[in-house]
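These notes are about the structure you will find just below.
4 protein chains.
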Amino acid sequence: MEKSINVTVWCETGDALGAYPQGLHNAIAEFLSNSNNFKTVRAVSLEQPEQGMSEEILRNTDVLLWWGHCFHHLVSEETAERVHKRVLSGMGLIVLHSGHASKIFQRLLGTETNKLRWREIGERERVWKIAHHHPITEGVPEYFDIPKSEMYGEFFHIPAPEELLFISWYEGGEVFRSGCTFTRGGGKIFFFSPGHESYPIYYMPEIQRILVNAAKWAAPPGFPEILYDEQKTPPEGKYGFRV
Amino acid sequence: MEKSINVTVWCETGDALGAYPQGLHNAIAEFLSNSNNFKTVRAVSLEQPEQGMSEEILRNTDVLLWWGHCFHHLVSEETAERVHKRVLSGMGLIVLHSGHASKIFQRLLGTETNKLRWREIGERERVWKIAHHHPITEGVPEYFDIPKSEMYGEFFHIPAPEELLFISWYEGGEVFRSGCTFTRGGGKIFFFSPGHESYPIYYMPEIQRILVNAAKWAAPPGFPEILYDEQKTPPEGKYGFRV
Amino acid sequence: MEKSINVTVWCETGDALGAYPQGLHNAIAEFLSNSNNFKTVRAVSLEQPEQGMSEEILRNTDVLLWWGHCFHHLVSEETAERVHKRVLSGMGLIVLHSGHASKIFQRLLGTETNKLRWREIGERERVWKIAHHHPITEGVPEYFDIPKSEMYGEFFHIPAPEELLFISWYEGGEVFRSGCTFTRGGGKIFFFSPGHESYPIYYMPEIQRILVNAAKWAAPPGFPEILYDEQKTPPEGKYGFRV
Amino acid sequence: MEKSINVTVWCETGDALGAYPQGLHNAIAEFLSNSNNFKTVRAVSLEQPEQGMSEEILRNTDVLLWWGHCFHHLVSEETAERVHKRVLSGMGLIVLHSGHASKIFQRLLGTETNKLRWREIGERERVWKIAHHHPITEGVPEYFDIPKSEMYGEFFHIPAPEELLFISWYEGGEVFRSGCTFTRGGGKIFFFSPGHESYPIYYMPEIQRILVNAAKWAAPPGFPEILYDEQKTPPEGKYGFRV
Chain H
1 MEKSINVTVW CETGDALGAY PQGLHNAIAE FLSNSNNFKT VRAVSLEQPE QGMSEEILRN
61 TDVLLWWGHC FHHLVSEETA ERVHKRVLSG MGLIVLHSGH ASKIFQRLLG TETNKLRWRE
121 IGERERVWKI AHHHPITEGV PEYFDIPKSE MYGEFFHIPA PEELLFISWY EGGEVFRSGC
181 TFTRGGGKIF FFSPGHESYP IYYMPEIQRI LVNAAKWAAP PGFPEILYDE QKTPPEGKYG
241 FRV
Chain U
244 MEKSINVTVW CETGDALGAY PQGLHNAIAE FLSNSNNFKT VRAVSLEQPE QGMSEEILRN
304 TDVLLWWGHC FHHLVSEETA ERVHKRVLSG MGLIVLHSGH ASKIFQRLLG TETNKLRWRE
364 IGERERVWKI AHHHPITEGV PEYFDIPKSE MYGEFFHIPA PEELLFISWY EGGEVFRSGC
424 TFTRGGGKIF FFSPGHESYP IYYMPEIQRI LVNAAKWAAP PGFPEILYDE QKTPPEGKYG
484 FRV
Chain P
487 MEKSINVTVW CETGDALGAY PQGLHNAIAE FLSNSNNFKT VRAVSLEQPE QGMSEEILRN
547 TDVLLWWGHC FHHLVSEETA ERVHKRVLSG MGLIVLHSGH ASKIFQRLLG TETNKLRWRE
607 IGERERVWKI AHHHPITEGV PEYFDIPKSE MYGEFFHIPA PEELLFISWY EGGEVFRSGC
667 TFTRGGGKIF FFSPGHESYP IYYMPEIQRI LVNAAKWAAP PGFPEILYDE QKTPPEGKYG
727 FRV
Chain V
730 MEKSINVTVW CETGDALGAY PQGLHNAIAE FLSNSNNFKT VRAVSLEQPE QGMSEEILRN
790 TDVLLWWGHC FHHLVSEETA ERVHKRVLSG MGLIVLHSGH ASKIFQRLLG TETNKLRWRE
850 IGERERVWKI AHHHPITEGV PEYFDIPKSE MYGEFFHIPA PEELLFISWY EGGEVFRSGC
910 TFTRGGGKIF FFSPGHESYP IYYMPEIQRI LVNAAKWAAP PGFPEILYDE QKTPPEGKYG
970 FRV
């Protein structure tokens, strides 16, 4: 089948980050690209014109992956607004790890998604698969371990997810809803917590498989502009039985 | 049982509105009060200090009913922010009819909830009960008719509701998810579309029963301030089995 | 992409049915086959050995479409049991119209799914699309009319569907959740009410598009036999941090 | 408020069980009764006439708690059928611990709910509260520990719960959806996994609080017999606008 999905990976910095000397966005773009599932895969970052999220780039993006951590506050309301509108009109969004505290995720979910427990001591995380029928979990083992991870724990301030795909267990005693789906307008959203700048988690094959699956799942069938036309009341004449 | 629920009805105007010479908010406050289910019921409006939504009023509100139509744009971001935070910390919210386009509802749901079909020709609306086990539908007939109503039709730009309690049928050929529940943080939210300023819909016993039930359902067990404390990482010591 | 999905259409009779002189199952199999999306499409019926649902046929079925109306009681418990087990292990199931009262649908949902309103006077049905992001609704207009249909109305005794894709409006005053998804074990289930033996509904392009989409959506990524192995407690050794 | 809820606790044996010399059902009935929330609380068991689940007892039960472990196979199809029908008509059901494998739970959910991981070495279980707005979690701390528990782990073969209230963490490395709600017909269902015959878990105040809350939550507003009448097609005359 011809490839039709255009993917963009956004990062709050274009610089080297911990385990990712090439840049975290480039590391993710590389394995997505190597999967040969996508028409185009591009990496952009905050320092670029229009914060890397110009109308032109968004218009050519079917699925957006979002990484932010220290600089959420530098993302302008205008940028958040452009991304928000594009998601509502159908663009898929994959929110990565600390992206839970991003302006765009909070706007879409309506809660203080920045609130959760966390602890950073490089403890073991075990990721359990809760949904066995879902395209995002295809080919993923029933569970897998991340030897050193940052703990994210409940209570996580999100609305109840539409689908709960993964639950994480931590050596220190916490649990977390680590893989969740949501829909907002035409846009499919996947939040996936495993991943961290200083641990080489995005090099793990299980993580790469999940993100490739997610980018395929989140791609829209097309952008249903009708969503914006259909608000017109149909002409009376349309109703055969009313005199 | 002693009554413990404090209810506030907010309206974008304190003036007479169509079928409600006493003010729409006063009309709603009156039947809620007569139900003898609530400790206090107060009506407030946009012209009042801090747009009727001061910290002090919110602190004394367990459940808020919200009516807006022509003046959504006059509600300040500060007011929307105060209400939003109170809902997240546990206040119940009942969004009435044209309140679907309010700033607060859009902030909580994350979609363009202002978008839906509509037609105003006083046609028949039939409200069907879809959930028979729910506190909000208790004592409501399997369906009832509103002789003259404003049509609200799909597609309605909301996230999939957590519970779908009512679906409306319209003489002109449309359907609508007219009773929906959502949760955001500690706050329970009920959207109910039937109701209009120029038709005497809020005088109908079925409508009054539904709104009384909803205000009881939406009341929080208390305001779990813990939601804001619990984000602290528990001290290592809390984990008995880690040396 | 190479086609991998094997589809079977089951009917309670192999004979001509109303608008379908070739047999209703053959009519459905024909348009599914013509869509060129599936590896194999076969039509089977109740009169065949093992009621058309032998282990061998099930083993070679990824997605099953089920039509029954007058002879639900003739389907043996053994047949229902075989189909039930196959769905749990991953086979997609599409339940058509009066199939709502079938033994297999009731076993999977746990409620008296035979209960709903109905009226057969050939009135107009209007099918509204409620989900714009879903693979099953791809390419389907925001609504379409069925000039003559059998009315199915609420209350329909199903558990709340995981996704509500379509709501039907009827000229006579009813509404119905006409397109619903469920998941049971590895199996994805789609119930779609439009369709009737005496009206030529299965010849409508919108209906055919929906059923082709649904058969693609319901196909499993593979049959996760692991669902049955994974119940073994993992050996102690698997846990690095416990002595 | 006058008490109106009649509770019945069913156990597969009336004998002493591990930590419960008085009988497990009697231990549970005792703390429910002491909570002063219920009109009547009775304990019944498998050895009694009609397996403790006669029509007369069911007719006088608003909420049923179910404990079974070794003798699920001794529960007759007739008993399971009577309980199933009563749940559909509105009786609340609370399924306790090993009751996950009971005939009644499997009939209601439609999946092989007997399938899950388990390990019995008396390890620590930590129960995390995931929903802060729910009547069942009222007054329950954000998490609490069970010093010695039987491990129940994912993948648990249930349909996605309507509400996920608790997730359990185990010292050995597993997680479990330990508090889940479902609805079937008029009946509200709560599954709660903590609890075991040989550990004194049902004496813990957090566990007792959850079960008292759950019994109040699951009580029906009344038994909507209308569910069974309303299937009649309304007379033509009901539709004013059809000639």
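Chains as they are written, first to last, in my numbering: chain H, 1 to 243; chain U, 244 to 486; chain P, 487 to 729; chain V, 730 to 972. Yeah, the Cβ is synthetic: ideal placement off N, Cα and C, and Gly gets one too. On a predicted model such as this, the values are computed, not experimentally measured, just so you know.
Quiz item: According to DSSP, is S149/H helix, strand or coil?
Solution: Within the first sequence, residue 149/H is the residue found at index 149, counting from 1. Under the three-state reduction of DSSP output, S149/H falls in the strand class.
Quiz prompt | Minimum Cβ-Cβ distance from K768/V to chain A less than 9 Å | solution = Given the protein chain composition of this structure (H, U, P and V), no chain A is represented.
Quiz item: If we ignore side chains and look at the alpha-carbon of each, how far apart do L894/V and H343/U end up?
Solution: As a working note, residue 894/V is residue 165 in the fourth sequence. As a working note, residue 343/U is residue 100 in the second sequence. Looking at the two C-alpha atoms, the distance is approximately 29 Å.
Quiz item: Any idea what DSSP makes of N735/V, helix, strand or coil?
Solution: As a first step, residue 735/V must be located in the fourth sequence, where it is residue number 6. It is a strand residue.
Self-check item: Three-state secondary structure (DSSP) of E197/H
Solution: Position 197 of the first sequence, counting from 1, holds the residue named residue 197/H. Reduced to three states, the DSSP call for E197/H is coil.
Quiz item: Does the beta-carbon of H559/P have 16 or more other beta-carbons within 10 angstroms, so that it is buried, or is it exposed?
Solution: The residue you call residue 559/P lines up with position 73 of the third sequence. Classification of H559/P: exposed, given that the 10 Å Cβ count is below 16.
Practice problem: Can you check the stretch 5–51 of chain H for any beta strand (DSSP E) of at least 3 residues that lies completely inside it and give the ranges in chain order? | Solution: DSSP runs (the beta strand (DSSP E)) wholly in the stretch 5–51 of chain H: 6–11 and 40–45.
Practice problem: For the stretch 600–608 of chain P and the stretch 510–518 of chain P, state whether three or more C-beta atom pairs, one from each stretch, are separated by less than 8 Å. | Solution: Result no; under three Cβ-Cβ pairs closer than 8 Å.
Quiz item: Beta-carbon separation of V736/V and D791/V under 9 Å?
Solution: As a first step, residue 736/V must be located in the fourth sequence, where it is residue number 7. As a first step, residue 791/V must be located in the fourth sequence, where it is residue number 62. Their beta carbons are under 9 Å apart, which means V736/V touches D791/V by this criterion.
Exercise. Would you be able to state if there are at least three C-beta pairs under 8 Å between the stretch 368–381 of chain U and the stretch 336–356 of chain U?
Key: Because the criterion of three Cβ pairs below 8 Å is not met, the stretch 336–356 of chain U and the stretch 368–381 of chain U do not touch.
Practice problem: Flag this pair as yes or no: are the beta carbons of S45/H and T13/H separated by less than 9 Å? | Solution: The residue you call residue 45/H lines up with position 45 of the first sequence. The residue you call residue 13/H lines up with position 13 of the first sequence. Less than 9 Å divides the Cβ of S45/H from the Cβ of T13/H.
Practice problem: Per DSSP, which residues does S654/P bridge with? Please list them. | Solution: The count along the third sequence starts at 1 and reaches residue 654/P at position 168. In the DSSP output, where bridge partners are listed per residue, S654/P has V613/P and F662/P.
Quiz item: Is V9/H close to chain U, meaning its C-beta is less than 9 Å from at least one C-beta of that chain?
Solution: Position 9 of the first sequence, counted from the start, is the residue given in the question as residue 9/H. No, V9/H does not count as interfacial toward chain U.
Exercise. Measure the beta-carbon distance from E405/U to T426/U and round it to whole angstroms, keeping in mind my assumption that it falls under 8 Å.
Key: Here residue 405/U refers to the residue found at position 162 of the second sequence. Here residue 426/U refers to the residue found at position 183 of the second sequence. Separation of the CB atoms of E405/U and T426/U is rounded to 6 Å, and the pair is thereby assigned contact status at 8 Å.
Practice problem: Report the three-state DSSP secondary structure of F105/H (helix, strand or coil). | Solution: On the first sequence, residue 105/H is found 105 positions in, with the first residue counted as 1. Taken through DSSP and simplified to helix, strand or coil, F105/H comes out as helix.
Quiz prompt | Beta-carbon proximity of G596/P to H132/H, cut-off 9 Å | solution = Taking the first residue of the third sequence as position 1, residue 596/P is located at position 110. Taking the first residue of the first sequence as position 1, residue 132/H is located at position 132. Contact: no.
Quiz item: If the cut is a Cβ gap below 7 Å, which residues of chain H does T426/U touch?
Solution: Indexing the second sequence from 1 puts residue 426/U at position 183. The answer, in chain order, is P159 and A160.
Quiz prompt | Close-in-space but distant-in-sequence residues of the same chain around A259/U (CB under 8 Å, 5 per side omitted) | solution = Counting from one through the second sequence, the residue named residue 259/U turns up at place 16. Non-local C-beta neighbours of A259/U in its own chain, meaning closer than 8 Å and more than five positions away in sequence, comprise Q265 and G266, ordered along the chain.
Practice problem: Quickly, what does DSSP pair T667/P with across the bridge? List them, please. | Solution: Residue numbering aside, residue 667/P sits at position 181 when the third sequence is read from its first letter. DSSP output for T667/P lists E649/P and F676/P as bridge partner(s).
Quiz prompt | Residue interval of the alpha helix (DSSP H) (run including V698/P) | solution = Looking up residue 698/P in the third sequence gives position 212. First-last of the alpha helix (DSSP H) with V698/P: P691 to A704.
Quiz item: Which residues, in chain order, does the stretch 356–385 of chain U contribute to contact with chain V at a C-beta distance below 9 Å?
Solution: Residues passing the 9 Å Cβ filter: R367, A374, H375, H376, H377, P378, T380, E381, G382, P384 and E385.
Quiz item: Quick one: what's got a C-beta closer than 8 Å to P778/V's C-beta in the same chain, skipping five residues either side?
Solution: As a working mapping, residue 778/V is identified with position 49 in the fourth sequence. If we look at P778/V and ignore the five residues flanking it on each side, it has no Cβ neighbours.
Quiz item: By Cβ distance below 7 Å, which residues in the same chain neighbour S76/H in space, the five residues on each side in sequence not counted?
Solution: One-based indexing of the first sequence puts residue 76/H at position 76. Around S76/H: Q51.
Quiz item: Do W552/P and F591/P have their C-beta atoms closer together than 9 Å?
Solution: By 1-based counting over the third sequence, the position of residue 552/P is 66. By 1-based counting over the third sequence, the position of residue 591/P is 105. Yes. Within cutoff.
Quiz item: Does any CB atom of chain P fall closer than 9 Å to the CB of F241/H?
Solution: As a working mapping, residue 241/H is identified with position 241 in the first sequence. With a pLDDT of 27 at F241/H, under the threshold of 50, the predicted position of this residue should be treated as unreliable, though the coordinate-derived value follows. Yes, F241/H lies at the interface with chain P (some Cβ there is under 9 Å from its Cβ).
Exercise. Report the option in G901/V, Y881/V, G819/V and A772/V whose CA atom is closest to the CA atom of T842/V.
Key: The sequence position of residue 842/V within the fourth sequence is 113, counting from 1. The shortest C-alpha separation from T842/V is found at Y881/V.
Quiz prompt | Boundaries (first-last residue) of the beta strand (DSSP E) holding I580/P | solution = To locate residue 580/P, count along the third sequence from 1; it is residue 94. Counting along the chain, the unbroken beta strand (DSSP E) around I580/P starts and ends at G578 to L582.
Quiz prompt | Contact list for the stretch 912–927 of chain V against chain U, Cβ threshold 8 Å | solution = Answer in chain order: T912, G914, G915, G916 and K917.
Quiz prompt | Rounded separation between L211/H and E397/U - CA only | solution = Here residue 211/H is taken as the residue at index 211 of the first sequence, counted from 1. Here residue 397/U is taken as the residue at index 154 of the second sequence, counted from 1. Distance between the alpha carbons of L211/H and E397/U: 33 Å.
Quiz item: Excluding sequence positions up to five away, which residues of its chain have a Cβ less than 6 Å from the Cβ of R771/V?
Solution: Here residue 771/V refers to the residue found at position 42 when the fourth sequence is read from its first residue. Excluding positions up to five away in sequence, the list reads T737.
Quiz item: Under the rule that 16 or more other beta-carbon atoms within 10 Å means buried, what is E657/P, buried or exposed?
Solution: Mapped onto the third sequence, residue 657/P falls at position 171. By the Cβ-count criterion, E657/P is buried, with 16 or more other Cβ atoms from all chains shown falling within 10 Å of its own Cβ.
Quiz item: Taking Cβ positions only, does Y20/H come closer than 9 Å to chain V?
Solution: The residue you call residue 20/H lines up with position 20 of the first sequence. Judged by the 9 Å Cβ criterion, Y20/H is not in contact with chain V.
Exercise. Using a Cβ-Cβ cut-off of 9 Å, state whether G342/U counts as contacting chain V.
Key: Position 99 of the second sequence holds residue 342/U. G342/U does not count as touching chain V.
Self-check item: Same chain, Cβ closer than 6 Å to R86/H, neighbours up to 5 away in sequence not counted
Solution: Stepping through the first sequence from its first residue, residue 86/H is reached at position 86. Residues of the same chain with a CB within less than 6 Å of the CB of R86/H, apart from the 5 flanking positions on each side, are L58 in chain order.
Quiz item: Would you report the Cα separation of A262/U and I444/U, rounded to the nearest angstrom?
Solution: As a first step, residue 262/U must be located in the second sequence, where it is residue number 19. As a first step, residue 444/U must be located in the second sequence, where it is residue number 201. Taking the straight line from one Cα to the other gives about 9 Å.
Practice problem: Flag this pair as yes or no: are the beta carbons of G173/H and F190/H separated by less than 9 Å? | Solution: Within the first sequence, the letter at position 173 stands for residue 173/H. Within the first sequence, the letter at position 190 stands for residue 190/H. No.
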